[in-house]
Amino acid sequence: MRAGKGVVLKTHLGLPVSQIGAVAITVGSFDGVHLGHADVIRRTIAAASQSGAAPALITFEPHPRCVLDPANCPQSITTLQEKLALLEAAGVEHAIVLRFDRALASLGPQEFVEMLGSRMDIRHWVIGFDFAFGNQRRGNAAWLREHGHEVDVVPPFTFEGNALHSSDIRRLINIGDVHEANRLVGREYAMAGPVEAGDQVGRRLGFPTANIAVEPNKLIPALGAYAGRAISDGKEFVAALSVGYRPTFGGTQLRVEAFLLDFEGDLYQHRLELRFIRYLHPDIRFDSPAELVVQLKHDVADTRRIVK
Numbered sequence: 004m005r006a007g008k009g010v011v012l013k014t015h016l017g018l019p020v021s022q023i024g025a026v027a028i029t030v031g032s033f034d035g036v037h038l039g040h041a042d043v044i045r046r047t048i049a050a051a052s053q054s055g056a057a058p059a060l061i062t063f064e065p066h067p068r069c070v071l072d073p074a075n076c077p078q079s080i081t082t083l084q085e086k087l088a089l090l091e092a093a094g095v096e097h098a099i100v101l102r103f104d105r106a107l108a109s110l111g112p113q114e115f116v117e118m119l120g121s122r123m124d125i126r127h128w129v130i131g132f133d134f135a136f137g138n139q140r141r142g143n144a145a146w147l148r149e150h151g152h153e154v155d156v157v158p159p160f161t162f163e164g165n166a167l168h169s170s171d172i173r174r175l176i177n178i179g180d181v182h183e184a185n186r187l188v189g190r191e192y193a194m195a196g197p198v199e200a201g202d203q204v205g206r207r208l209g210f211p212t213a214n215i216a217v218e219p220n221k222l223i224p225a226l227g228a229y230a231g232r233a234i235s236d237g238k239e240f241v242a243a244l245s246v247g248y249r250p251t252f253g254g255t256q257l258r259v260e261a262f263l264l265d266f267e268g269d270l271y272q273h274r275l276e277l278r279f280i281r282y283l284h285p286d287i288r289f290d291s292p293a294e295l296v297v298q299l300k301h302d303v304a305d306t307r308r309i310v311k
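Numbering (my numbering), first residue to last: 4 to 311.
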């Protein structure tokens with residue numbers, strides 16, 4: 004069976020309820036589905052094709068570190084819904100989402116592999132060079148080979164000479180460098196959610212904005228203004244984006260909002276996806292609304308220039 008673009012992803016929340024047949028499998032968090040992850044997925048699809056199997060991917064929810072080291076639980080570059088959509092676009096045929104908890108973490112390598120083997124015929128493993136699994140990370144490529152498994156170990160993925168990690172992308176987004184983060188993930192960083200009712204401040208200033216509800220634990224870019232895009236109901240608009248508290252008006256609630264250029268209409272309760280392209284400036288407190296309007300005009304002009 005040859006997988007590739009156009010494959011319909013079969014999502015399993017927990018172990019598949021029945022046998023899914025022969026698979027080539029990869030395992031990991033895959034947060035962000037960045038260029039390094041894309042390399043692993045391509046290799047998994049190739050291994051599946053060569054072994055007459057389907058490409059399958061096991062991921063975890065929540066991120067294992069949120070259970071094993073809660074004080075350092077990372078915010079998600081991609082929500083589960085976003086991750087699954089990206090995996091489908093990449094050509095993965097089965098996504099098995101395992102709930103990561105202390106019970107799963109306590110399984111030894113043999114128990115983990117047997118658990119998977121009860122639902123699939125694993126023909127091939129494709130794993131990262133530093134991949135380890137099972138209690139105390141006792142399972143690795145050597146362990147799998149010793150137990151008769153075919154294993155491909157993927158070398159570190161480098162981008163412009165540096166090894167690529169999800170933590171690098173989180174750091175860039177946290178400081179607002181979405182342009183560089185976008186280069187590492189291979190697409191524009193996005194946030195999506197339903198449009199919420201606002202207080203109409205932007206409309207009174209002549210810049211009506213759409214505020215989106217942010218999913219729990221979704222990574223939010225640094226406070227400030229951004230040039231970007233907004234997509235709703237299949238239509239795409241150039242948009243001036245803002246992440247902040249509206250300090251000019253003494254705001255205390257964090258808002259992620261967009262002013263859609265060349266758009267008239269009501270997006271309330273529609274799902275809106277915001278794509279961040281370039282950081283413009285920090286969240287600024289102005290002495291008057293008039294000064295804010297001047298800055299908003301500059302932001303719109305900069306956004307038109309940057310976003311093609």
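Glycine residues also receive a C-beta, built at the ideal position from the N, C-alpha and C atoms.
From residue i to residue j, what does the alpha carbon distance come to, in whole angstroms?
i: A6; j: P58; result: At A6, the pLDDT of 45 sits below 50, so the modelled position is not reliable; the number obtained from the coordinates is stated separately. C-alpha separation (whole angstroms): 7 Å.
i: N143; j: R190; result: 31 Å
i: S170; j: L60; result: 21 Å
i: H284; j: G31; result: 35 Å
i: H150; j: I172; result: 36 Å
i: M4; j: V198; result: Reliability of the predicted coordinates at M4 is poor, the pLDDT of 35 falling under 50, and no value is obtained from them.
i: Y271; j: P67; result: 36 Å
i: A135; j: I234; result: 39 Å
i: T62; j: H37; result: 14 Å
i: I178; j: P224; result: 7 Å
i: S52; j: I44; result: 12 Å
i: F115; j: D104; result: 13 Å
i: Y282; j: I309; result: 10 Å
i: E239; j: A293; result: 30 Å
i: T251; j: T47; result: 51 Å
i: D34; j: L83; result: 9 Å
i: N220; j: A145; result: 35 Å
i: V204; j: G120; result: 57 Å
i: Y192; j: D133; result: 26 Å
i: Q22; j: D236; result: 37 Å
i: K300; j: D286; result: 15 Å
i: V10; j: V154; result: 24 Å
i: L12; j: V297; result: 48 Å
i: G267; j: R102; result: According to the sequence displayed, residue 267 carries Glu and not Gly. Near 43 Å, if we compare the C-alpha coordinates of R102 and E267.
i: L275; j: D302; result: 20 Å
Measuring CB to CB, does residue i end up less than 7 Å from residue j?
i: L244; j: Y229; result: yes
i: L175; j: A166; result: no
i: Q78; j: L277; result: no
i: L226; j: G196; result: no
i: S54; j: H127; result: yes
i: A74; j: A56; result: no
i: F210; j: F262; result: yes
i: T212; j: E163; result: no
i: V100; j: A50; result: no
i: D124; j: A200; result: no
i: G137; j: V157; result: no
Do you know whose CA, among the options, lies nearest residue i's CA?
i: R232; options: A242, P159 and T255; result: A242
i: F289; options: A93, D265 and R249; result: R249
i: P19; options: P197, H97 and L89; result: H97
i: L257; options: D305, P159 and I215; result: I215
i: D305; options: L264, A293 and F33; result: L264
i: I80; options: V204, L299, T255 and V188; result: V188
i: L90; options: V157, D155, I130 and T14; result: T14
i: A106; options: M123, V70 and R122; result: V70
Is it buried or exposed for residue i, if we count other Cβ within 10 angstroms and need 16 for buried?
i: R140; result: exposed
i: M118; result: exposed
i: L16; result: exposed
i: P112; result: buried
i: K311; result: exposed
i: H40; result: buried
i: A93; result: buried
i: F279; result: buried
i: T29; result: buried
For residue i, list the residues DSSP reports as bridge partners.
i: A74; result: Answer is none; A74 lacks a bridge partner.
i: W128; result: I28 and V154
i: N214; result: E199 and E260
i: S245; result: A228 and E260
i: E96; result: DSSP lists no partner for E96.
i: Y282; result: Y229
i: M194; result: L277
i: G142; result: F136
i: N165; result: F162
i: T81; result: DSSP lists no partner for T81.
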